[in-house]
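Asks:
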Amino acid sequence: MKESELFNVASLIITHNPDEGLINLVSTIQSQVESIIIVDNFSDYKSMKILNLIEKQYKITLIKNNQNLGIAKALNQGVIEAKKHDVNYVLTFDQDSTPFDNIVSIIKEVYDSYLYKDKIGAIGVNYTSSIQDSYNEGSNQKLYLEKDYLITSGCMISLQSFFHIGGFREDFFIDNVDLEYSLRLKKNGYKLLISQKPGMIHKAGNPLIKFFLGFKITSSNHNSFRRYYMSRNHILLTKDYFFIEPYFVLKCNYFYILSILKIIMVEKDVMLKLKKSYEGILDAFNYQSIKMHTNQ
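Per the working numbering, the sequence shown starts with residue 60, numbered consecutively.
1. Starting from the C-beta of HIS144, find all residues in its chain whose C-beta is less than 7 Å away, skip the five residues before and the five after it, and write them out in chain order.
2. Are the CB atoms of LEU267 and CYS282 within a distance shorter than 7 Å?
3. Under 6 Å from any heavy atom of the ligand GTP, does the C-beta of LYS298 make it?
4. In three-state DSSP terms, what is GLU205?
5. Chain C beta carbons: is any one of them nearer than 7 Å to that of ASN124?
6. Quick check on this structure: which residue in GLN200, LEU204, LYS142 has the alpha carbon closest to the alpha carbon of TYR170?
7. Touch check for the stretch 202 to 219 and the stretch 172 to 182: three-plus C-beta pairs under 8 Å?
8. Leaving out five residues on either side along the sequence, give the residues of the same chain with a beta carbon under 7 Å from the beta carbon of LEU81.
9. Which of the three DSSP states is assigned to ASN292 in this structure?
10. Quick check on TYR306: does DSSP put it in helix, strand or coil?
11. Look at the Cβ atom of ALA343, then the Cβ atom of ILE303, and state whether they are nearer than 7 Å.
12. At what residues does the alpha helix (DSSP H) containing SER86 begin and finish?
13. Can you tell me which of LYS246, PHE232, ASP99 puts its alpha carbon nearest to the alpha carbon of GLY129?
14. Which of the three DSSP states, helix, strand or coil, is assigned to GLY258?
15. Around the C-beta of ALA263, are 16 or more other C-beta atoms found within 10 angstroms, so that it is buried, or is it exposed?
16. Taking all protein chains shown into account, decide if ASP230 is buried (16 or more other Cβ within 10 angstroms of its Cβ) or exposed.
17. Beta-carbon within less than 6 Å of THR211's beta-carbon, same chain only, minus the 5 sequence neighbours each way: which residues are those?
18. Compare the Cα-Cα distances from PHE66 to each of LYS167, ASP103, THR277, GLN136 and report the closest residue.
19. Measure the alpha-carbon distance for VAL163 versus PHE301 and round it to whole angstroms.
20. Determine the closest residue to LYS245 out of LYS206, LEU333, GLU79, PRO257, with distance taken between C-alpha atoms.
21. For the stretch 220 to 273, list the alpha helix (DSSP H) runs that are entirely contained and at least 4 residues long, ordered along the chain.
22. Within this structure, are the beta carbons of MET324 and PRO158 separated by less than 7 Å?
23. For LEU275, name the three-state secondary structure that DSSP assigns.
24. Among the residues of its own chain, which have a CB less than 8 Å from the CB of ASN83, if the five just before and after it don't count?
25. Give the DSSP bridge partners of ILE96, in chain order.
26. Between which two residues does the alpha helix (DSSP H) holding GLY137 run?
27. Going by DSSP, what residues sit across from CYS214 in a beta bridge?
28. For LEU292, which residues from the same chain have a beta carbon less than 6 Å from its beta carbon, with the 5 sequence-adjacent residues on both sides left out?
29. So, at 6 Å on beta carbons, what are the nonlocal neighbours of LEU331 in its own chain, with the 5 sequence-adjacent residues on each side left out?
30. Taking 8 Å as the limit between beta carbons, can you name the residues of its chain near GLY248, skipping five residues before and five after?
31. Who are the Cβ neighbours of GLN255 in its own chain at under 7 Å, not counting the five residues just before and after it?
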């Protein structure tokens, strides 16, 4: 059997100060995958006690960084480790996601139905914000869709494509890491697929909801540190991919501008967040891009 036809999956979880909810994530995914790798970005003492307990109880591979190296570096560390586990795919999670007990089966259903397996760059799952949300199995929806972009959590990435395109860009550190990786996969001819079925409970951040002039406004409410990287990396993405994926990049620019307006309308620490956003934009235009390749 060709390597591209094998379906052996490890799970990779990136952590930074996780709570006890991580135990539920690990216990749910353990029976569905060949192995579990956790890369921790310098968690505090309380969280390390949880991680050490999980390491002993579930026999995971735990990589402990002595500083916060960012999500991209941690992902690369984890995937390189997964290569040693004799797997072909890595299913990645945020520490606060809650996978269903059939998430791997949902992904494999898409995998089995896609003919050109060597072109699969990543397969993601739909998600709900709570266990009460329902999915209509009797609907006429297709099993999966092709996408421009997949979020990291609940995403199964191909090791073959990972090492071909060079892994995640570590200079992005935290924001737009998955977006840049998705666009680079597409640039290199790989497909991004997503199951229409939800495979996990996932909440995107801690959004702020307020009313402004009678309109309900939902803003991401990221702090100034994140706003710097969001702005810097957004401009870098625009510079790198505008002529490759112009329509998608224009949509990203629309939502970026909208996010800045929402800061002004409903968020606190407005001036600091705008200042850091401006600094990020300036740095992006003066940026000597570091092309990271993981040829190991």
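All C-beta atoms in this analysis are idealised placements derived from N, C-alpha and C, irrespective of residue type, glycine included.
Replies: So, to answer that:
1. ALA69, GLU93, SER94
2. Note on residue identity: the sequence assigns Asn, not Cys, to residue 282. The answer is no: Cβ separation not under 7 Å.
3. Ligands displayed in this structure: none; no statement on the ligand GTP is therefore possible.
4. strand
5. Among the chains in the structure shown there is no chain C, since it carries only a single protein chain.
6. LEU204
7. yes
8. Only THR74, ILE109, ILE113, GLN154 meet the Cβ criterion.
9. helix
10. helix
11. Result no, Cβ atoms of ALA343 and ILE303 do not sit closer than 7 Å.
12. 80 to 89
13. PHE232
14. Strand.
15. exposed
16. buried
17. Within the same chain, Cβ atoms closer than 6 Å to the Cβ of THR211 are found at THR151, ASP237, the five residues on either side in sequence being excluded.
18. Checked all of LYS167, ASP103, THR277, GLN136; the closest Cα to PHE66 is LYS167.
19. 34 Å
20. LYS206
21. Secondary structure within the stretch 220 to 273: the alpha helix (DSSP H) runs of 4 or more consecutive residues, fully enclosed, are 236 to 246 (chain order).
22. The answer is no: Cβ separation not under 7 Å.
23. Looking at the sequence shown, residue 275 is not Leu but Lys. Of the three classes helix, strand and coil, the one that applies to LYS275 here is strand, per DSSP.
24. THR157
25. LEU71, THR120
26. 130 to 142
27. THR151, GLY183
28. Going by the sequence as given, residue 292 is Asn instead of Leu. Its chain contains PHE231, ASP234, ASN235 as the residues whose beta carbon lies nearer than 6 Å to that of ASN292, once the 5 sequence neighbours on both sides are disregarded; these appear in chain order.
29. Cβ neighbours of LEU331 beyond the five flanking positions: SER283.
30. LYS178
31. For GLN255, where only same-chain residues beyond five positions count, the Cβ hits under 7 Å are ASN185, GLN200, LYS201, LEU202, TYR203, LEU204.
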